[in-house]
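K.L.:
For the protein sequence lines, the chains are A and B, in the order given.
At position 85 of the first sequence (counting the first as 1) the number is 85 in this note's numbering, and the numbers step up by one without a gap.
At position 103 of the second sequence (counting the first as 1) the number is 1103 in this note's numbering, and the numbers step up by one without a gap.
2 protein chains.
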Amino acid sequence: MGARPLTKPRKDASQERSRATVDALVEATARILVKDGFDKASTNRIAEVAGVSVGSLYQYFPSKEALVAAVIARHQQEILRTVRRELAEAMGLPLAKSVRKLVTAAVKAHRVDPRLHRVLAEQIPRVGKLEDVGTFNRENYALFRNYLETHRDELHVDDLELASFVCVTSVEALTHNAVLAEKLSDKAMEALIDHTTRLIVRYLKN
Amino acid sequence: MGARPLTKPRKDASQERSRATVDALVEATARILVKDGFDKASTNRIAEVAGVSVGSLYQYFPSKEALVAAVIARHQQEILRTVRRELAEAMGLPLAKSVRKLVTAAVKAHRVDPRLHRVLAEQIPRVGKLEDVGTFNRENYALFRNYLETHRDELHVDDLELASFVCVTSVEALTHNAVLAEKLSDKAMEALIDHTTRLIVRYLKN
DNA sequence: CTAGAATATGAGCGATTGCTCGCTTTCGAT
DNA sequence: ATCGAAAGCGAGCAATCGCTCATATTCTAG
């Protein structure tokens, strides 16, 4: 018993100096992850890049996984903020207009830090049971399901559960792949948004 | 000059004994990948599981990457066989019927070895520049684009390039996630196919 | 039968990994 | 000025990694 989870901080920083250390460590982890990938992100190197000793690292993070978990949490926090901001404006609009808002929101979310997002998407499955990740995805998912309920009378589909899965999965995949292409002009990006919107609206409407 | 690619076999096996060794190594790699993930697949362990010495491993594979590349190639080979079989029957049919065939083909492709497929999808990006992977994806992509050309008059969309991206990405993501859920009944699977077909057909048609 | 080519072996190298622990420095409260 | 707690340090350990190489075994062709 008492096997403490490996993703929780070892102790929390009370003084400001230590909070700066923690920040530097998370930031260094993110930067290494983006620049060189998961494998090259050793604890020694993270500490070095953060300008901190390994010992200090292990004062606040019980494992390498915990570091990555912290990076994920920070990134998701940022994304959720972005999404909610866009989402609020969409709720009142008619279906076609609001779907477009949602798609735009998804694009913006992926643009928060595309390269970090890519690495995390690839590596998250390997960071073991990471309760926050599942929670985060369910939150996104539930948010959209709730949106569908709101527009229920305008929809043709019967199974809202399935419809949510279809929409969220498609939009996520499309925006994810599109943003990672990087070399897209604004023109191309808008075309992508147009098509994605059309895809979803036609699927839902009758 | 002369920096030989790390994914090509070091030498090819001419006798049958050595061909068996190579097979055992690839098979062992696949099994470890599925059971314990990429990180746990050390060359020493692969050799051990294959019932072969590390030395023999390095006679045929110049690096760990080459091993994984071989697993990928074998898996893709199997998938391509599955897809082509289904695809041939779809070409003549009207849009609605043929799209359904294509979606079914995608599902079957993902069902060849779902758990291996998952690991590979996660790890492929890390196996460096792996020319065959890109080639494989483009083949899939081109195949569908070609299909769209065939039905051009039935379509509303103008930009076939973009339309291919939208369709392939969506269907791939939907089937991938659905198959990985694993606990789906046949009933649920059919519903998923229905919805995916509807999604694509409505998007394309006018 | 024999020689040489093909194949197989595994101890072990140098490098790197995640991480510990004894110790020092800095801080805040008195 | 003092002192305990908080924070920081970094040499270095045990484990593991990918991989080599000198040696041994098995095959095939003449």
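Beta carbons: idealized from backbone N, C-alpha and C, even for Gly.
Owing to the predicted nature of the structure, the values given are computational and were not obtained by experimental measurement.
Between the stretch 1104-1116 of chain B and the stretch 1076-1092 of chain B, are three or more C-beta pairs nearer than 8 Å?
P.N.:
yes
K.L.:
So if DSSP puts L155/A in a beta bridge, which residue, or which two residues, is it bridged to?
P.N.:
K205/A
K.L.:
Output the boundary residues of the alpha helix (DSSP H) element that contains Q1059/B.
P.N.:
Q1059/B -> alpha helix (DSSP H) spans 1054-1060.
K.L.:
Does DSSP put F1038/B in a helix, in a strand, or in coil?
P.N.:
coil
K.L.:
Which term fits A181/A, buried or exposed, when burial requires 16 or more other beta carbons within 10 angstroms of its beta carbon?
P.N.:
exposed
K.L.:
By the 10 Å Cβ neighbour count, where 16 or more other Cβ atoms means buried, how is Q1076/B classified, buried or exposed?
P.N.:
buried
K.L.:
Let me see if you follow: with CB-CB separation under 8 Å, is D159/A close to chain B or not?
P.N.:
yes
K.L.:
Contact check, R1202/B vs R202/A under 8 Å by CB: the rounded distance?
P.N.:
4 Å
K.L.:
Could you tell me whether the stretch 109-122 of chain A touches the stretch 21-41 of chain A, where touching means 3 or more Cβ pairs closer than 8 Å?
P.N.:
yes
K.L.:
Keeping to the same chain, check which residues put their C-beta closer than 6 Å to that of N206/A; ignore five residues upstream and five downstream.
P.N.:
H156
K.L.:
Whose C-alpha, out of G1037/B, R1074/B, V1026/B, R1115/B, is nearest the C-alpha of V1052/B?
P.N.:
V1026/B
K.L.:
Between the Cα of Y1147/B and those of T1135/B, V1168/B, F1136/B, spot the shortest distance and give me the residue it belongs to.
P.N.:
Here the closest residue by C-alpha is V1168/B.
K.L.:
Looking at the secondary structure, which residues open and close the alpha helix (DSSP H) in which I1046/B lies?
P.N.:
Note, I1046/B: alpha helix (DSSP H), 1043-1050.
K.L.:
Can you name the residues of chain A whose CB is closer than 8 Å to the CB of T1196/B?
P.N.:
V166
K.L.:
Examine chain A for any beta-carbon lying closer than 8 Å to the beta-carbon of L1162/B, and answer yes or no.
P.N.:
It does: the Cβ of L1162/B has a partner Cβ on chain A nearer than 8 Å.
K.L.:
CA-CA distance, R45/A and E149/A?
P.N.:
49 Å
K.L.:
Any C-beta of chain B within less than 8 Å: which residues of the stretch 49-83 of chain A qualify?
P.N.:
none
K.L.:
How about A191/A and L1160/B: are their beta carbons less than 8 Å apart?
P.N.:
Result no, Cβ atoms of A191/A and L1160/B do not sit closer than 8 Å.
K.L.:
By alpha-carbon positions, which one of F1136/B, S1018/B, R1017/B, R1111/B ends up nearest to L1184/B?
P.N.:
R1111/B
K.L.:
Hey, T196/A and V179/A: beta-carbon distance below 8 Å or not?
P.N.:
no
K.L.:
Does E1122/B have its Cβ less than 8 Å from a Cβ in chain A?
P.N.:
yes
K.L.:
Considering only their Cβ atoms, is the gap separating S1063/B from T1021/B smaller than 8 Å?
P.N.:
S1063/B sits away from T1021/B, with the two beta carbons spaced by 8 Å or more.
K.L.:
Does any CB atom of chain B fall closer than 8 Å to the CB of L33/A?
P.N.:
no
K.L.:
Between the Cα of Y141/A and the Cα atoms of L95/A, A70/A, R152/A, L80/A, which residue gives the shortest distance?
P.N.:
Residue L80/A is the option with its Cα nearest to Y141/A.
K.L.:
Can you give the beta carbon distance from V1166/B to L95/A, rounded, assuming they're within the 8 Å contact cut?
P.N.:
The distance from the Cβ of V1166/B to that of L95/A is about 19 Å, inconsistent with a contact at the 8 Å cut-off.
K.L.:
From the DSSP output, in three-state form, read off L93/A for me.
P.N.:
coil
K.L.:
Let's test the definition: count the other Cβ atoms within 10 Å of the Cβ of S1042/B and tell me whether it reaches 16, buried, or not, exposed.
P.N.:
exposed
K.L.:
Let me know if R198/A comes out buried or exposed under the rule of 16 or more other beta-carbons within 10 Å of its beta-carbon.
P.N.:
buried
K.L.:
In chain A, which residues lie less than 9 Å from R1100/B when you measure between Cβ atoms?
P.N.:
What R1100/B touches in chain A: nothing, since even the nearest Cβ is about 15 Å away.
K.L.:
What residues from chain A crowd round N1177/B, counting only those whose CB sits closer than 9 Å?
P.N.:
F165, T169, A173
K.L.:
Let me make sure I understand the geometry here. Which of A1047/B, A1069/B, L1116/B, R1152/B has the alpha-carbon closest to that of A1227/B?
P.N.:
In this structure chain B extends from 1001 to 1206, so residue 1227/B is not present and cannot be described.
K.L.:
Taking only the alpha-carbon atoms, compute the straight-line gap between E139/A and A73/A and give it to the nearest angstrom.
P.N.:
14 Å
K.L.:
When the cut-off is 8 Å and only beta carbons count, does A1096/B lie next to chain A?
P.N.:
Any Cβ of chain A closer than 8 Å to the Cβ of A1096/B would place that residue at the interface, and such an atom is absent.
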